[in-house]
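Residues 1 to 639 in the UniProt record's numbering are what the sequence shown lists, from first letter to last. We put the CB at the ideal spot given by N, CA and C, even for glycine. No experiment lies behind these values; they were computed from the predicted model shown.
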Amino acid sequence: MSKSEECMLLMDEREKTTFSLEEMTHLLDGGKCKTDLRQSIEKVILSDPRMKPEDISCMSPQQQHNHGVKRMIYFYTDLAKKMSWDFTDSRCPELEFLPRTVGMATSLMLHASAFIPSVAQLGTKEQVAKWYTLGKEYFILGCYAQTELGHVGKGANHALVMAQLIIQGKSYGMHAFLVQIRDLTSHRPMPGVTVGSIGPLMSMGGSDNGYLSFKSVRIPKANMLARYAEVSADGTYIKKGDTKLMHASMVNLRVLMTKGEAVLGLEKACTIAARYSCVRRQGSLQPSKPEIQVIEYVTQQHKIISQIATAYAMHFTIQHVQAIYNQFLQDLDEGKVGNLTELHFVTAGVKASMTEQSVEGIETVRRACGGHGFAHSSGLPALLQRAIPSCTYEGDNTVMYLFCARHLLRCAQKVFMGQPLEGSVKYLSAEIQNKCRANKKEDFINPNILLACLQHKAQAMLLETATYMQYIASKGMNQMDVWNISSVQLVNVVKAHMLQYIFSTFLDFINETYCSPPIRDVLLKLCALYGIYNINNNATNLLKDGYLNGEQCTLMERVEVDLLQDLRKNVVGLVDSFDFRDEILNSCLGAYDGNVYERLFENAKNSPMNKDEVHEETYKYLRPHLHKGRDILKKMSKL
Numbered sequence: 001m002s003k004s005e006e007c008m009l010l011m012d013e014r015e016k017t018t019f020s021l022e023e024m025t026h027l028l029d030g031g032k033c034k035t036d037l038r039q040s041i042e043k044v045i046l047s048d049p050r051m052k053p054e055d056i057s058c059m060s061p062q063q064q065h066n067h068g069v070k071r072m073i074y075f076y077t078d079l080a081k082k083m084s085w086d087f088t089d090s091r092c093p094e095l096e097f098l099p100r101t102v103g104m105a106t107s108l109m110l111h112a113s114a115f116i117p118s119v120a121q122l123g124t125k126e127q128v129a130k131w132y133t134l135g136k137e138y139f140i141l142g143c144y145a146q147t148e149l150g151h152v153g154k155g156a157n158h159a160l161v162m163a164q165l166i167i168q169g170k171s172y173g174m175h176a177f178l179v180q181i182r183d184l185t186s187h188r189p190m191p192g193v194t195v196g197s198i199g200p201l202m203s204m205g206g207s208d209n210g211y212l213s214f215k216s217v218r219i220p221k222a223n224m225l226a227r228y229a230e231v232s233a234d235g236t237y238i239k240k241g242d243t244k245l246m247h248a249s250m251v252n253l254r255v256l257m258t259k260g261e262a263v264l265g266l267e268k269a270c271t272i273a274a275r276y277s278c279v280r281r282q283g284s285l286q287p288s289k290p291e292i293q294v295i296e297y298v299t300q301q302h303k304i305i306s307q308i309a310t311a312y313a314m315h316f317t318i319q320h321v322q323a324i325y326n327q328f329l330q331d332l333d334e335g336k337v338g339n340l341t342e343l344h345f346v347t348a349g350v351k352a353s354m355t356e357q358s359v360e361g362i363e364t365v366r367r368a369c370g371g372h373g374f375a376h377s378s379g380l381p382a383l384l385q386r387a388i389p390s391c392t393y394e395g396d397n398t399v400m401y402l403f404c405a406r407h408l409l410r411c412a413q414k415v416f417m418g419q420p421l422e423g424s425v426k427y428l429s430a431e432i433q434n435k436c437r438a439n440k441k442e443d444f445i446n447p448n449i450l451l452a453c454l455q456h457k458a459q460a461m462l463l464e465t466a467t468y469m470q471y472i473a474s475k476g477m478n479q480m481d482v483w484n485i486s487s488v489q490l491v492n493v494v495k496a497h498m499l500q501y502i503f504s505t506f507l508d509f510i511n512e513t514y515c516s517p518p519i520r521d522v523l524l525k526l527c528a529l530y531g532i533y534n535i536n537n538n539a540t541n542l543l544k545d546g547y548l549n550g551e552q553c554t555l556m557e558r559v560e561v562d563l564l565q566d567l568r569k570n571v572v573g574l575v576d577s578f579d580f581r582d583e584i585l586n587s588c589l590g591a592y593d594g595n596v597y598e599r600l601f602e603n604a605k606n607s608p609m610n611k612d613e614v615h616e617e618t619y620k621y622l623r624p625h626l627h628k629g630r631d632i633l634k635k636m637s638k639l
C-alpha cells in the first residue's frame, strides 16, 4: 500500500466524524484555556533539542537512567525555571499536563511530586522554610521511603521516611522523618546507612528504585516533620491537628499516578490501535471482493471501541476526582478539614480499578494490532510495561481494594440500621428495584437503566457479603478468619462499586456539562457502551439474584454490537480528540498521517541490529557450520 493510499484512508475516516474535534478536545482538557495551556507546554518542551524524546528500547537500564537524569535535571533546573513552572506546587496548572508531555522520563519526578509536596504538607513553617527551599532548588534530592523495597536508589541524598514513632515503649503510629542518607560532598552513604539500587525492573529502566536500611542511625529531633504532631524536649507527645492529614499528600500522588500511568496510557494505546486498524487491510467479507480495513470486523470493534469507551469514562472520572482533591486543598487553606476518609476511599478505589482496567485494555488493543503490536516500534509494549507496575504502587491492588472494603462494610452496617449515607456511597442506602424493567433493545441504551443494573449489583453483593460475614462470626469464627475467608468476595464487591462509580461519574459529567447535541450523542453512546461492556463481561450476580433474566442478557449482547457499529464511524475522531502529537505517541503504527509501512521499514533499517551487515561475534560461532553447508552446496552443484 502506498503512502498516499494510507493517508487517504485516515482522511476518509476523519470525514466521517459527526462531531467537532475541537469541542471534544476542550472537554477532555477541561476547557479551551486548558487546551491552550497544554499545547503551549507541549510546544515549549518538544521544540527544545535537549528534551527531544529518544528511543530507549535499545538502551541498557544504566543508559536509560543516565539519559533520564540528564534530561530531567535540565528540565527542572533550567527549562521549567525559565518558563516559571513550579512543579513542586501540587496546584501548579502546568503540572496537570507534565506527565503527558515528558512521557517515559521518570527521573526526579518523585522528588518533585512526592518528596517536596510531603515536606510542604507535613512540615512546620520553620521546617518548610529550610527543607522545602533546598528541595525546590534541587540542592538536595529526596525520595519517599516506606516499608518495602523500591523507594530509594542511587540519586537521592535525603529520604522522607515513614516510620513508627515510639516513645518509652509506646507506639504513636506512623510519622514522617527527614533523614540524610548520603554525604553532600562525596555522595557516599552516611554512617549506618546502607542504600543502593534494587536492580533491573520489568519496565521503567530509567527509574532509580532501591533499598535502604539503617543501623544505629540517629537524627535530630527537629527532623521529625511536626505540623500535626511533635515531641517535646521531655519526651511528651503533643498532637497539634488531625494526624490523618499526614497521609493527604499521598492522595495527590495517587491521583497524578492514576492519570499519568493508567488513563493516559490507555488513551495513547487506543489512538495507536484505532488508527492502525483503519489503515490495515486484511481479508474480505465477500468472495472476490477487495480486502477490507480490519476495523470493519466486529471483533476488532469490540476490542478497540470498547476500550475507547473505557478511556473516556476513566478520563472524566479522574478529572472529577482531581477537582475533589483541589477543593479539599482549598478548604484546608481556609482552616476547614474536609472528608479525608471519603477522599482516601475514592482515590484508593479509583487507583486500583483504573490501573487494572488500563492494563487489560492496553493488552487487548496491543493484541488487536497483531504481530506489529509486539514490536517496540508500535509504541504499545512500552505503554503496557509502563502501566503494569501501576497495579502494585502502594502495594498490590488487592490491598487497595481491601482498604476500600473496610469502608464499605461500615456503610453496610449503617444500611442495616436504617441510617442514610452520603457521598459516593449514597446509593447503597437507597431503595433499588429488585428486577430490571427493560424489555426491549432501546431500553438498554438508556444510561439510567444501566446505572440501576450496576448499582443493584454492587449493593446486593455488599449486603450479601456483609450478612454472610455476620453469620460466620456468630458461629464463633474470630474476626481475622472471618475477614480472610471473605476477602475474595470483598475484593469483588469493591470492584463492582468502582465500576458503578466510574459509570455514574461519567454520566453526571454528560448531564451537567453544556455541549453540542452531536457531542452529547456520542458521549452518551460511549457511556452506554462502557456500562453494557462491563455488565456483559460478568452478569453472574445479576442473573443469580434474578435482577436480569436470560432474555435481557441476550438483548444486552445485541445492543452492545449495535453500539459498536454505530460508533464505528467516529472511531478516528474519538482518538484524534485526545490530541496526541506524534512525538508523544512515538509510534510507527499510530502516527497522525497513517503512513505506517514506510515508518516501520525505516525504523527496522535504523535498528542497532542492522548497523553492521555482519555480526562478527555471532558469525564466529556460525562460521564452521555455514562453511560446511557452502562446501556441500558446491559439491551438489557439480553433480
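Check                                                                                                                                                              : Outcome
What are the start and end residues of each continuous beta strand (DSSP E) run of 3 or more residues lying completely inside the stretch 543–573, in chain order? : none
What residue range is occupied by the uninterrupted alpha helix (DSSP H) comprising cysteine 411?                                                                  : 397–416
If you compare alpha carbons, which of Val294, Ala273, Ala313 and Pro518 is closest to lysine 262?                                                                 : Correcting the residue type first, residue 262 is alanine in the shown sequence and not lysine. Residue Ala313 is the option with its Cα nearest to alanine 262.
Give the secondary structure of glutamine 146 by DSSP, where H, G and I count as helix, E and B as strand, and everything else as coil.                            : coil
Can you tell me whether DSSP reads isoleucine 238 as helix, strand or coil?                                                                                        : strand
Rounded to the nearest angstrom, what separates valine 128 and phenylalanine 87 at their Cα positions?                                                             : 16 Å
Can you name the residues that DSSP bridges to isoleucine 210?                                                                                                     : Looking at the sequence shown, residue 210 is not isoleucine but glycine. Ser197, per the DSSP bridge assignment.
Got a sec, what are the start and stop residues for the alpha helix (DSSP H) lysine 70 sits in?                                                                    : 61–74
How would you call cysteine 33, buried or exposed, if buried means at least 16 neighbouring beta carbons within 10 angstroms?                                      : exposed
Is lysine 440 helix, strand or coil by DSSP?                                                                                                                       : coil
Using CA atoms only, rank isn't needed, just tell me which of Leu225, Ile305, Ala248 and Val251 is closest to glutamate 239.                                       : Looking at the sequence provided, one finds lysine at residue 239 rather than glutamate. Of the listed residues, the one whose Cα sits closest to lysine 239 is Leu225.
Take lysine 215 and list the residues in its own chain whose beta-carbon comes closer than 6 Å to its own, dropping the five residues that flank it on each side.  : Gly192
Output the distance between the C-alpha atoms of serine 277 and leucine 564, rounded to the nearest integer angstrom.                                              : 14 Å
Compute the distance between the beta-carbons of leucine 454 and leucine 499, then report whether it is under 9 Å.                                                 : yes
Could you tell me the distance, in whole angstroms, from the CA atom of alanine 591 to the CA atom of leucine 567?                                                 : 22 Å
Ignore the nearest five residues each way along the sequence and tell me which others in aspartate 242's own chain have a CB closer than 8 Å to its CB.            : Tyr228, Val337 and Leu340
If you reduce the DSSP assignment to three classes, tell me which class arginine 281 lands in.                                                                     : strand
Alpha carbon to alpha carbon, what distance is there between leucine 37 and glycine 30?                                                                            : 11 Å
Taking Cβ to Cβ, would you say isoleucine 295 is nearer than 9 Å to glutamine 286?                                                                                 : no
I need the boundaries of the alpha helix (DSSP H) containing lysine 635, first residue and last residue.                                                           : 616–638
Mapping DSSP to helix, strand and coil, what is isoleucine 272?                                                                                                    : helix
Tell me the DSSP secondary structure of alanine 229 in three-state form.                                                                                           : strand
Tell me which same chain residues have a C-beta within less than 6 Å of the C-beta of glycine 155, skipping the five on either side of it?                         : Leu141 and Asp208
From the DSSP secondary-structure annotation, give me the bridge partner or partners of alanine 159.                                                               : Cys143 and Val179
So, using beta-carbon positions, are histidine 187 and asparagine 223 closer together than 9 Å?                                                                    : no
For the alpha helix (DSSP H) containing cysteine 391, name the first residue and the last one.                                                                     : Note, cysteine 391: premise wrong, no alpha helix (DSSP H); not H, not E.
Please return the same chain residues whose Cβ sits closer than 8 Å to the Cβ of methionine 51, not counting the five positions on each side in sequence.          : Ile45, Arg71, Tyr74, Phe75, Leu79 and Val102
Is it the case that the Cβ atoms of alanine 466 and alanine 412 are separated by a distance below 9 Å?                                                             : yes
Tell me which same chain residues have a C-beta within less than 7 Å of the C-beta of methionine 83, skipping the five on either side of it?                       : Val44
By the 10 Å Cβ neighbour count, where 16 or more other Cβ atoms means buried, how is glutamine 168 classified, buried or exposed?                                  : exposed
Less than 9 Å separating the beta-carbons of cysteine 270 and isoleucine 324?                                                                                      : no
Can you say whether proline 608 is buried or exposed, counting buried as having 16 or more other CB atoms within 10 angstroms of its CB?                           : exposed
For glutamine 293, does the three-state DSSP call read helix, strand or coil?                                                                                      : strand
Does DSSP put glutamine 489 in a helix, a strand or coil?                                                                                                          : helix
Alanine 375 and leucine 600 - do their beta-carbons sit closer together than 9 Å?                                                                                  : yes
For the alpha helix (DSSP H) that contains serine 358, what are its first and last residues?                                                                       : 340–368
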